[in-house]
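Written out below as structure tokens is the structure these notes cover.
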Amino acid sequence: MSPRPAPSPLLIACALGIEHLALRMGDRGVRRRGLPRPGSPPDQWGADGPVTFLRTGMGPRAAERSVTQALDDPALARAAVLATGFCAGLAPGMHPGDLVVADETRDPRRNVPCTGTELLVKELARTLPGRTVHTGPLIGSDHVVRGPERSDLRATGAIAVDMESAATLLSAVRGGARPVAAVRVVVDAPEHELVRIGTVRGGISAFRVLRSVLPTFFEWHRNVLLPRR
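Just so we're aligned: 380 in the numbering used here is position 89 of the sequence shown, and the numbers increase by one with no gaps anywhere.
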């Protein structure tokens, strides 16, 4: 019998310190509780391979530079890449704490289709029952979007905007074929704009949601496969 191949690594990228803190708190919670998926054997609890939490810094240039450098490490050459953190919702009716699962990320240079979108939506509904999940294009920007510009981006068909996801996924696929995804938590929306993350109720709600999403990311990682070469 041939030995089981080593599980591929997972790179989870975010920009801000508060996002990184939420993810690390969530990771400690998963490890401490050892929470299984119902009916799953112990070796399928938590992550299915090495997990790297990468804080890229803010903005598309920082994200591109950090992700490219990280994937140059031979240990991460085959890593699946998932971009996460907070975002600005573009559609009317969105609220802080809603989730956005991208079916593609949009960068001026290239759009990148996401892997396993339906799986992520299903798992988020299981992990966070009652939370609203939006699916559609996630567009990149090089600055914080507010006011009328939000409507302009919505007119392109995008449902949310952030500064790092598009650059993260573009850098990931340029480094080789691999599963990629983007899951963001709405921190402000057309009717709920905020100035500082973490100082108002919307920011706190988004932080709590981001802290709870790792089981979904680990399940996605278990179920996506690298394309055959």
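Don't be surprised by glycine CBs; every beta carbon is placed ideally from N, CA and C.
Unbroken beta strand (DSSP E) runs of no fewer than 3 residues, entirely contained in the region 344-371, are not found. Put simply, the region 359-366 touches the region 461-468. At least three CB pairs are less than 8 Å apart. In the DSSP secondary-structure assignment, Asn514 is not bridged to any residue.
Secondary structure in the region 425-488: the beta strand (DSSP E) runs of 3 residues or longer, each lying completely within the stretch, are 451-453, 471-479 in chain order. One thing to note: Leu390 has its Cβ within 8 Å of the Cβ of Leu415. By the C-beta density criterion, Ala468 is exposed, having fewer than 16 other C-beta atoms within 10 angstroms. In this structure, the beta-carbon distance from Ser432 to Val452 falls below 8 Å. In terms of Cβ geometry, Arg475 and Leu381 do not form a close pair [threshold 8 Å]. Between Gly466 and Thr426, the alpha-carbon positions lie close to 26 Å from each other. Secondary-structure assignment with DSSP links Arg397 through a beta bridge to Asn402, Ile430. A Cβ-Cβ separation of about 6 Å places Gly348 in contact with Ala306 under the 8 Å criterion. Of all alpha-carbon atoms in Ala371, Met385, Thr396, Ser503, the one lying nearest the alpha-carbon of Trp511 is that of Ala371. Taking the CA atoms as reference points, Leu419 sits about 25 Å from Pro300.
In the structure shown, the three-state DSSP call for Leu302 is strand.
By a beta-carbon distance limit of 8 Å, Ala473 does not contact Thr406. Their separation comes to about 10 Å.
With contacts defined as CB atoms closer than 8 Å, Gly317 and Arg437 fail to qualify as a contacting pair. Beta-bridge pairing by DSSP links Gly376 to Arg475.
When C-alpha distances from Asn514 are compared across Lys413, Asp443, Arg352, the shortest belongs to Lys413.
In the displayed model, Leu307 falls within coil according to three-state DSSP, outside both helix and strand. In the displayed model, Val504 falls within coil according to three-state DSSP, outside both helix and strand.
Between the beta-carbon of Ala354 and that of Ala458 there is about 4 Å, and that keeps the pair under the 8 Å contact cut. When only Cα atoms are considered, Arg400 and Ile430 end up about 12 Å apart. Collapsing the DSSP output to three states places Leu381 in coil. Counting only residues of its own chain and dropping the five nearest sequence neighbours on each side, Met454 has a CB closer than 8 Å to the CB of Ala306, Met349, Gly350, Pro351, Ala354, Gly431, Ser432, Asp433, His434, Val435.
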